[in-house]
Amino acid sequence: MEKNELRKLRKQMFAQMEQKLHESWSSEEDSLFYFHRSEDRIVLSHALFWVKTQPQYLKGKIRKEKFFLLLRQYQEEMLEAYLQDIEDYPVMLHYCNIIYEYLPSILMSTELRTDKDARRLAAIAVVAAGYGGDMDEELCNELLDDMDFDKYGKVKCWKIEQMLPKLMKMVEWEMRSLRSEV
Numbered sequence: 009m010e011k012n013e014l015r016k017l018r019k020q021m022f023a024q025m026e027q028k029l030h031e032s033w034s035s036e037e038d039s040l041f042y043f044h045r046s047e048d049r050i051v052l053s054h055a056l057f058w059v060k061t062q063p064q065y066l067k068g069k070i071r072k073e074k075f076f077l078l079l080r081q082y083q084e085e086m087l088e089a090y091l092q093d094i095e096d097y098p099v100m101l102h103y104c105n106i107i108y109e110y111l112p113s114i115l116m117s118t119e120l121r122t123d124k125d126a127r128r129l130a131a132i133a134v135v136a137a138g139y140g141g142d143m144d145e146e147l148c149n150e151l152l153d154d155m156d157f158d159k160y161g162k163v164k165c166w167k168i169e170q171m172l173p174k175l176m177k178m179v180e181w182e183m184r185s186l187r188s189e190v
């Protein structure tokens with residue numbers, strides 16, 4: 009299949025996913041990103057999730073699940089496009105948003121529901137979306153400005169990595185609330 013055909017097919021698949029997602033919402037406010045004041049805050053939420061879900065921070069079978077690996081791959085490509093101001097950036101962000109919106113449903117409606125690592129991933133998703141949308145404007149801008157490429161050409165978010173202990177406490181708190189829902 010040619011590259012253009014693959015792009016067209018991917019676009020159709022994501023359009024179908026998005027339609028089903030919107031049909032499942034009672035209102036647009038059900039979106040994890042509805043209350044984010046800007047697109048930059050959505051990018052920051054993805055960066056928070058992407059940093060917190062690096063392989064060294066997740067254990068168990070969840071880190072090998074295809075939907076999770078796909079989301080991380082798309083997030084990395086989107087962050088690269090964001091940093092380089094590439095024209096594919098808006099499309100990549102849109103695709104990341106769709107996959108991210110499905111994540112809690114996938115994690116809480118399958119056999120993964122009782123898996124501790126899946127609950128941790130769901131908590132990370134909730135914390136990343138919520139904190140990215142709610143944090144102080146100055147800190148948001150500081151974290152976005154800090155994102156860059158390392159010497160190997162990989163996206164790095166040094167200040168977010170320094171925040172991991174604080175983020176982990178938030179994730180633990182969220183996991184306790186998710187545990188009470190199971």
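Counting in my numbering, the sequence shown runs from 9 upward without gaps.
Think of the CB as a built atom: it goes at the ideal place given N, C-alpha and C, for glycine as much as any other residue.
Per DSSP, Lys164 forms a beta bridge with which residues? Asp156
Are the CB atoms of Leu52 and Leu129 nearer to each other than 7 Å? no
Could you check the C-alpha separation between Ala137 and Arg15 for me, to the nearest Å? Between Ala137 and Arg15, the alpha-carbon positions lie close to 27 Å from each other.
I need the straight-line Cα distance from Gln6 to Glu73, nearest angstrom please. With the chain represented from 9 up to 190, any question about residue 6 goes unanswered, as that position is not in the structure.
Neighbour-count burial assignment, Phe75, 16 or more Cβ in a 10 Å radius: exposed
Exposure of Met86, with buried meaning 16 or more beta-carbon neighbours within 10 Å: buried
Start and end residues, alpha helix (DSSP H) containing Phe75: Unbroken alpha helix (DSSP H) run through Phe75: Lys74 to Gln92.
Considering just the uninterrupted stretch of the alpha helix (DSSP H) at Ser113, what are its terminal residues? Tyr97 to Met116
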